[in-house]
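A.B. asks:
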Amino acid sequence: MGNLDIKTLTPLWTGGVGGKVDRIHETGLLGSMRWWYEALVRGLGGEVHGGPGLDYCNFKADQYRNFEIENETEYLRAAGLCDVCQIFGATGWKRRFYLSIVEKDIKNEKIQHPIKAIQRKYTNDEGKERIPTWYFPESDLKGAPPNTPKTGTFEMQIQSRDHRFSPDIIGGLIQFIADWGALGARSQMGFGIIEPVNGPFDTRPLYRRLVAASGSRSYAGYPSLKNIFWTCIRTKKTGKEETFNLKYDLRRLFSDDPKVRHFVMGTSLKSGERMASKVKISRPYGDGRIRIWGWIPEKANCYGKAWDRNRIVERIYRYLTEKYNLEFWREMDNSRDSVTPNTGDARRFLQSLLGIKEG
Numbered sequence: 001m002g003n004l005d006i007k008t009l010t011p012l013w014t015g016g017v018g019g020k021v022d023r024i025h026e027t028g029l030l031g032s033m034r035w036w037y038e039a040l041v042r043g044l045g046g047e048v049h050g051g052p053g054l055d056y057c058n059f060k061a062d063q064y065r066n067f068e069i070e071n072e073t074e075y076l077r078a079a080g081l082c083d084v085c086q087i088f089g090a091t092g093w094k095r096r097f098y099l100s101i102v103e104k105d106i107k108n109e110k111i112q113h114p115i116k117a118i119q120r121k122y123t124n125d126e127g128k129e130r131i132p133t134w135y136f137p138e139s140d141l142k143g144a145p146p147n148t149p150k151t152g153t154f155e156m157q158i159q160s161r162d163h164r165f166s167p168d169i170i171g172g173l174i175q176f177i178a179d180w181g182a183l184g185a186r187s188q189m190g191f192g193i194i195e196p197v198n199g200p201f202d203t204r205p206l207y208r209r210l211v212a213a214s215g216s217r218s219y220a221g222y223p224s225l226k227n228i229f230w231t232c233i234r235t236k237k238t239g240k241e242e243t244f245n246l247k248y249d250l251r252r253l254f255s256d257d258p259k260v261r262h263f264v265m266g267t268s269l270k271s272g273e274r275m276a277s278k279v280k281i282s283r284p285y286g287d288g289r290i291r292i293w294g295w296i297p298e299k300a301n302c303y304g305k306a307w308d309r310n311r312i313v314e315r316i317y318r319y320l321t322e323k324y325n326l327e328f329w330r331e332m333d334n335s336r337d338s339v340t341p342n343t344g345d346a347r348r349f350l351q352s353l354l355g356i357k358e359g
């Protein structure tokens, strides 16, 4: 493992300084890579710091030099690093690998903005009829740097900083993202579906690393294998607006409870702050595929007595099965899962996602 050739199936967004996408920025990729790695570690009960209510890692160099622990994971934990920061870095501790991007055949993708779900309408709080509309940053302002997502092929060059860390772990993570998630930013707008050109990449090194970091910790309010669902639908409508039509339709599933609707599907608050959608929908790619995934926590203040995680996901599941052809549905420890239903064993479930046979 060293160089990974990647092809975009939907445009890639990686903001640099001021959020400008003048090129593919490594930092824009690393953020999503870390997000997915955190979710995997949490799913196996490993140690993840950072986030609301959690402390951030701070490497203790003096203690690190004095420890005599043979297991590297435990050694670094004792020095103040969680299982994620051990790889992706923290205060006083560098990331375990170098990442550089070589753009091979990259083009600017034109952004249709705004995008309107013309066939959908709603009545706002003032009683006026409106068409659902999504806005993107202007990409063609005169004299401004380019600000468009990218399409084409590029190379991810991954090198280890020391002999104890295998870059194959990162290759496995990229394969997982290619199979199940999205790379880069703004996945809620359909960006970031990728495909390995010289893959598939071996996922076993990633699995072994995750198992070595597994434990019994619980993260009920954070993205995890235990609260994420994945599915893929087929549609004959392959226009860019289909993503936003579906986004609107899923929002309407929770029209009877605005707080839950905002919590699940996101919203712009009056204060100017935004609540990100927990459900991501790709743009159509290939022969009419749309990838959908989301994380719905077991508990939330907005649920009250009327809602719980299962009811929310079940409503999404029923709508999609009634309106579309589902290629699969993946969800840990649930009868809805189409491959390993009711499997509560996180390792076995992860093996099925990574395409690893038991034994």
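Heads up: the sequence shown begins at 1 in the UniProt record's numbering, then just goes up one per residue.
Glycine included, every Cβ here is placed at the ideal spot set by N, Cα and C.
(1) Just to confirm the assignment, what range does the alpha helix (DSSP H) spanning Leu30 have?
(2) Specify the secondary structure class of Met332 as computed by DSSP and reduced to three states.
(3) If the criterion is Cβ atoms closer than 8 Å, does the pair Thr10 and Tyr285 meet it?
(4) Considering only heavy atoms of the ligand ZN, does any lie closer than 7 Å to the CB of Leu30?
(5) Near Ser32, which residues of its chain fall below 6 Å by C-beta distance, leaving aside the five closest residues on each side in sequence?
(6) What does DSSP give as the partner residues of Arg289 in its beta bridges?
(7) Could you tell me the alpha carbon to alpha carbon distance between Asn245 and Ile281, rounded to whole angstroms?
(8) Output yes or no for whether 8 Å exceeds the beta carbon distance between Leu99 and Leu225.
(9) So what's Pro196 in DSSP terms, helix, strand or just coil?
(10) Between the beta-carbon of Ile316 and the beta-carbon of Leu250, is there less than 8 Å?
(11) Give me the residue from Ser335, Glu322, Val260, Tyr324 with the minimum Cα distance to Ala306.
(12) Is Thr148 buried or exposed, if buried means 16 or more other CB atoms sit within 10 Å of its CB?
(13) What is the DSSP secondary structure of Arg259, reduced to helix, strand or coil?
(14) Flag this pair as yes or no: are the beta carbons of Asn342 and Ile296 separated by less than 8 Å?
(15) Where does residue 399 land, buried or exposed, given buried means 16+ other C-beta within 10 angstroms?
(16) Since Asp168 sits in a beta bridge, which residues does DSSP pair it with?
(17) List the DSSP bridge partners of Asp105.
(18) How would you call Asp256, buried or exposed, if buried means at least 16 neighbouring beta carbons within 10 angstroms?
(19) Measure the alpha-carbon distance for Arg130 versus Leu326 and round it to whole angstroms.
(20) What runs of the beta strand (DSSP E), each 3 residues or longer, lie entirely inside the stretch 296 to 325?
(21) Which whole-angstrom value is the C-beta distance of Val84 and Tyr219, which I expect to be below 8 Å?
(22) Looking at the secondary structure, which residues open and close the beta strand (DSSP E) in which Asn3 lies?
(23) Please confirm whether Trp13 and Gly266 have their CB atoms less than 8 Å apart.
(24) In three-state DSSP terms, what is Trp13?
(25) How is Ile131 classed by DSSP in three states: helix, strand or coil?
(26) Looking at Lys7: is its Cβ nearer than 8 Å to the Cβ of Glu242?
(27) Can you check whether the CB of Glu109 is closer than 8 Å to the CB of Thr153?
(28) For the 8 Å Cβ check, are there 3 or more pairs between the stretch 170 to 181 and the stretch 198 to 209?
(29) Figure out for me which residue from Ser214, Lys104, Gln188, Phe59 has the closest Cα to the Cα of Glu155.
(30) Which of the three DSSP states is assigned to Arg251 in this structure?
(31) List the whole-angstrom C-beta distance separating Arg283 from Lys240, where the pair is believed to meet the contact cut-off of C-beta under 8 Å.
(32) Within its chain, find whatever has a CB closer than 7 Å to the CB of Ser352; leave out the 5 residues flanking it on each side and keep chain order.
(33) Tell me where the alpha helix (DSSP H) around Glu74 begins and ends.
C.D. replies: Short version:
(1) As a working mapping, residue 30 is identified with position 30 in the sequence shown. Counting along the chain, the alpha helix (DSSP H) containing Leu30 begins and ends at 26 to 43.
(2) Within the sequence shown, residue 332 is the residue found at index 332, counting from 1. Coil, per DSSP.
(3) Working through the sequence shown from its first residue, we reach residue 10 at position 10. Working through the sequence shown from its first residue, we reach residue 285 at position 285. Going by C-beta atoms, Thr10 is nearer than 8 Å to Tyr285.
(4) This structure lacks the ligand ZN, and indeed carries no ligand of any kind.
(5) Here residue 32 refers to the residue found at position 32 when the sequence shown is read from its first residue. The beta carbon of Ser32 lies closer than 6 Å to those of Leu183, Gly184 in the same chain, with the five residues before and after it left out.
(6) Against the sequence shown, residue 289 aligns to sequence position 289. Here Arg289 is bridged, per DSSP, to Arg234, Tyr285.
(7) To locate residue 245, count along the sequence shown from 1; it is residue 245. To locate residue 281, count along the sequence shown from 1; it is residue 281. Approximately 11 Å, taken between the alpha carbons.
(8) As a working note, residue 99 is residue 99 in the sequence shown. As a working note, residue 225 is residue 225 in the sequence shown. No, these two residues do not count as a Cβ contact at 8 Å.
(9) Numbered from 1 along the sequence shown, position 196 holds the residue referred to as residue 196. Assigned with DSSP and collapsed to three states, Pro196 falls in strand.
(10) Counting from one through the sequence shown, the residue named residue 316 turns up at place 316. Counting from one through the sequence shown, the residue named residue 250 turns up at place 250. Leu250 is positioned such that its CB atom lies closer than 8 Å to that of Ile316.
(11) Along the sequence shown, one-based indexing puts residue 306 at 306. Ranking Ser335, Glu322, Val260, Tyr324 by Cα distance to Ala306 puts Val260 first.
(12) The residue labelled residue 148 in the question sits at position 148 within the sequence shown. Label assigned to Thr148: buried.
(13) Looking up residue 259 in the sequence shown gives position 259. The residue you asked about is not Arg; residue 259 is Lys in the sequence shown. Reduced to three states, the DSSP call for Lys259 is helix.
(14) The residue you call residue 342 lines up with position 342 of the sequence shown. The residue you call residue 296 lines up with position 296 of the sequence shown. Their beta carbons are not under 8 Å apart, which means Asn342 does not touch Ile296 by this criterion.
(15) For residue 399 there is no data in the structure shown, the boundaries of the chain being 1 and 359.
(16) Along the sequence shown, one-based indexing puts residue 168 at 168. In the DSSP output, where bridge partners are listed per residue, Asp168 has none listed.
(17) Position 105 of the sequence shown, counted from the start, is the residue given in the question as residue 105. According to DSSP, which records beta bridges pairwise, Asp105 is partnered with Thr153.
(18) Within the sequence shown, residue 256 is the residue found at index 256, counting from 1. Around the C-beta of Asp256, fewer than 16 other C-beta atoms lie within 10 Å, and the residue is accordingly described as exposed.
(19) Working through the sequence shown from its first residue, we reach residue 130 at position 130. Working through the sequence shown from its first residue, we reach residue 326 at position 326. Arg130 and Leu326: Cα-Cα distance of roughly 31 Å.
(20) List check, beta strand (DSSP E) in window: nothing returned.
(21) Position 84 of the sequence shown, counted from the first residue, corresponds to residue 84. Position 219 of the sequence shown, counted from the first residue, corresponds to residue 219. Contact flag wrong, Cβ pair sits at about 12 Å.
(22) On the sequence shown, position 3 is the one that residue 3 refers to. Taken as a continuous stretch (DSSP letters only), the beta strand (DSSP E) holding Asn3 covers 3 to 8.
(23) Taking the first residue of the sequence shown as position 1, residue 13 is located at position 13. Taking the first residue of the sequence shown as position 1, residue 266 is located at position 266. Going by C-beta atoms, Trp13 is not nearer than 8 Å to Gly266.
(24) Sequence index remark: in the sequence shown, residue 13 carries index 13 (1-based). The DSSP-derived three-state label of Trp13 is coil.
(25) Counting from 1 along the sequence shown, the entry for residue 131 is found at position 131. Ile131 falls in the coil class under three-state DSSP.
(26) By one-based count along the sequence shown, residue 7 stands at place 7. By one-based count along the sequence shown, residue 242 stands at place 242. No, they are not a contact pair.
(27) For the purposes of this step, residue 153 is identified with residue 153 of the sequence shown, where counting begins at 1. For the purposes of this step, residue 109 is identified with residue 109 of the sequence shown, where counting begins at 1. Their beta carbons are not under 8 Å apart, which means Thr153 does not touch Glu109 by this criterion.
(28) Result yes; three or more Cβ-Cβ pairs closer than 8 Å.
(29) What you label residue 155 is simply residue 155 of the sequence shown in a count that begins at 1. Closest by alpha carbon: Lys104.
(30) Position 251 of the sequence shown, counted from the start, is the residue given in the question as residue 251. Arg251 falls in the helix class under three-state DSSP.
(31) In the sequence shown, the residue the question calls residue 283 occupies position 283. In the sequence shown, the residue the question calls residue 240 occupies position 240. Correct: roughly 6 Å between the Cβ atoms.
(32) Locating residue 352 in the sequence shown gives position 352, counting from the first residue. Around Ser352: Val339, Thr340.
(33) Sequence index remark: in the sequence shown, residue 74 carries index 74 (1-based). Here the alpha helix (DSSP H) through Glu74 covers 72 to 78.
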